[in-house]
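J.: Quick note on this note's numbering: the sequence shown kicks off at -14 and runs consecutively. Before I ask anything, let me first share the structure, which is written out below as structure tokens.
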Amino acid sequence: MSDFPNFSKYGYQVLSELGRNREGGRITWLATELETLPERKVVIKQFCFAQSGSDWSGYSAHQREIEILQGLTHTGIPRYLNSIETPEGFLLIQEYKAARTLATMRSYAPEEIKKIAIDILEILVYLQSRIPEVLHRDIKPENLLLDDQGRVYVIDFGFSKIGSEAVAGSSVFKGTLGYIAPEQLFKPTKASDLYSLGATLIFLLTRKQAGIDRELIVEDEPYQIGFQHLLPDLSLSFIGWLEKMVAPSQKERFSSAAIALAALQPIYLFRTPELKLYDDRLELQAEKLGQRLSMPIEFGNDIPETLLEGWWEVAPHPSDLARNSELHPWISVFPATFCTNQGQATVMVDTLELMANCTYQRQLVLHSNSNQDVYTIPITIRTAPLPLGRRRLPTGRLLVIWLMAAITPLLLATITLVTVFLICIAYIWTVIQDH
């Protein structure tokens, strides 16, 4: 028999337990809404103030959560659906998101973490731009969800604060060790949620929690997070942005989520050059035999704080002679090596070494210290055809040849007839003499 509570009289059936906060008397359930077809999944937060260890003193804070959620319509915040009073406390019904919290032990690529940061900042921009503004006051991995499509959601607004309303001393200290900003003990501001987000991002990058893991502790600076030595591959710009997010003094932090977001978006994450080639293939055509051809290749790197280095070679080809130490004596790149962020190399081809009227296909290979180690550029070389000699016969000579060709048969026929006639005369004369 299931130990799940029976909420059928309220129109819900519990499927599983999602979480439990014993100190606060709160249990989170996954349930289905029985009155919808198909049955819609929902999240039920059960507040059990009548249980041991909890009381109704926290009821006002949860009333605040309901008030806040009722007014929020952002796609990154699960919608408030309903709230129900029960003999033991009350139920808060929210939209269900098929997602896991960022606290789950999974490694994230820095690119993923930057996108997560941008998405959360956009949600905070929405909250901070409301009138009155909403401060979450408990941004941490457990309160951030990520689904399989990469969408981020902010949950648990139980500690949230609306506008500049006075907060009783007993409820000021809201937040989680390692993620709470120093000023949140007295007067939380927009920058307070940014500190919490910064600490969350450091956790995702290092899998270490501020205030607990010794590698993040800075001596004599309880709110300073020393994370830089753990992220040697990230760009100095991104490291500087994170440092500003978690600065102990709120005056040194970004003053709002909008400003932090604008500063983050153009930042490159890695301290690695990014090679840009302005030509993806080369074609050279010789106009005459033995012509020397050349063509420039431009390249560059726009990543700050990095320097592009590399070298060129011509890839081996099946028709190359393996015994030849210079596989391509007729093609070369100058300069063969480089160390610059904006440069140009020249491809040179000596067609004197090549057969006439042929097409040669080769590949140039660029090795570099960029984010992609090897680049290839196809190159096509077409040599000139053999020249054809042209001699022009005089028109008069052509006419004589034509006339001779036409008259020769007549002359031959005339000579033949005369010869036959003379033979006949000679024969007759011989006959007469004999008689």
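Ideal Cβ positions, reconstructed from N, Cα and C, are used throughout, including at glycine. All of these numbers come straight from a predicted model, not from anything done at the bench.
1) If you scan the region 313 to 360 from start to end, which runs of the beta strand (DSSP E) of 3 or more residues do you find wholly inside it?
2) State the DSSP-derived secondary structure class of ILE408, mapped to helix, strand or coil.
3) Just to confirm my understanding: we take PHE32, look at its own chain, exclude 5 residues before and 5 after, and list those with CB closer than 6 Å. What are they?
4) State buried or exposed for HIS302, treating a residue as buried only when at least 16 other CB atoms are found within 10 Å of its CB.
5) Any idea if ARG347 is buried or exposed, counting beta-carbon neighbours within 10 angstroms, 16 or more meaning buried?
6) Looking only at its chain, what residues have a beta carbon closer than 7 Å to the beta carbon of LYS426, apart from the 5 residues adjacent to it on each side?
7) Assign ASP178 to one of two classes, buried (16 or more other C-beta atoms within 10 Å of its C-beta) or exposed (fewer than that).
8) Compare the Cα-Cα distances from ARG367 to each of ILE288, GLN169, VAL203 and ARG277 and report the closest residue.
9) Quick check on DSSP: helix, strand or coil for ALA16?
10) Buried or exposed: ILE98, going by 16 or more other Cβ atoms within 10 Å of its Cβ?
11) Check each candidate in ILE187, PHE188 and GLN235 and name the one with the smallest Cα separation from GLU168.
12) Use the C-beta contact count for VAL332: other C-beta atoms within 10 angstroms, 16 or more gives buried, fewer gives exposed.
13) In this structure, does DSSP put PRO281 in helix, strand or coil?
14) Restricting to Cα atoms, I'd like to know which of THR325, GLU272, PHE284 and ILE316 is closest to THR291.
15) If you check the beta carbons only, do LEU106 and ALA248 fall under 7 Å apart?
16) Let me know the alpha helix (DSSP H) ranges lying completely inside the region 150 to 205, each 4 residues or longer, listed in chain order.
17) Put ILE69 into one of helix, strand or coil per three-state DSSP.
18) Would you mind giving the Cβ-Cβ distance between LYS261 and PHE239, rounded to the nearest angstrom? I have them listed as a contact below 8 Å.
19) Helix, strand or coil, according to DSSP, for LYS99 in the structure here?
20) For LEU109 and ARG85, I'd like the C-alpha separation in whole angstroms.
21) Buried or exposed for PHE(-8), going by 16 or more other Cβ atoms inside 10 Å?
22) What separation, rounded to the nearest whole angstrom, lies between the Cα atoms of LEU395 and VAL416?
23) Which term fits HIS214, buried or exposed, when burial requires 16 or more other beta carbons within 10 angstroms of its beta carbon?
24) Using a Cβ-Cβ distance under 7 Å, would ALA16 count as near chain B?
25) Output yes or no for whether 7 Å exceeds the beta carbon distance between GLU50 and GLY143.
26) Taking 7 Å as the limit between beta carbons, can you name the residues of its chain near THR404, skipping five residues before and five after?
27) If the criterion is Cβ atoms closer than 7 Å, does the pair LEU3 and TYR93 meet it?
T.: Well, looking at it:
1) 316 to 319, 322 to 324, 327 to 335 and 344 to 353
2) helix
3) ARG11, HIS47, GLY74 and PHE75
4) exposed
5) buried
6) Residue coverage of the chain in this structure runs from -14 to 420, which leaves residue 426 outside it and unanswerable.
7) buried
8) ARG277
9) strand
10) buried
11) GLN235
12) buried
13) strand
14) THR325
15) no
16) 154 to 157 and 175 to 191
17) strand
18) In fact, because the Cβ distance is near 31 Å, the residues do not count as touching under 8 Å.
19) helix
20) 20 Å
21) buried
22) 32 Å
23) exposed
24) Annotation note: the requested chain B is absent from the structure, which comprises a single protein chain.
25) yes
26) none
27) no
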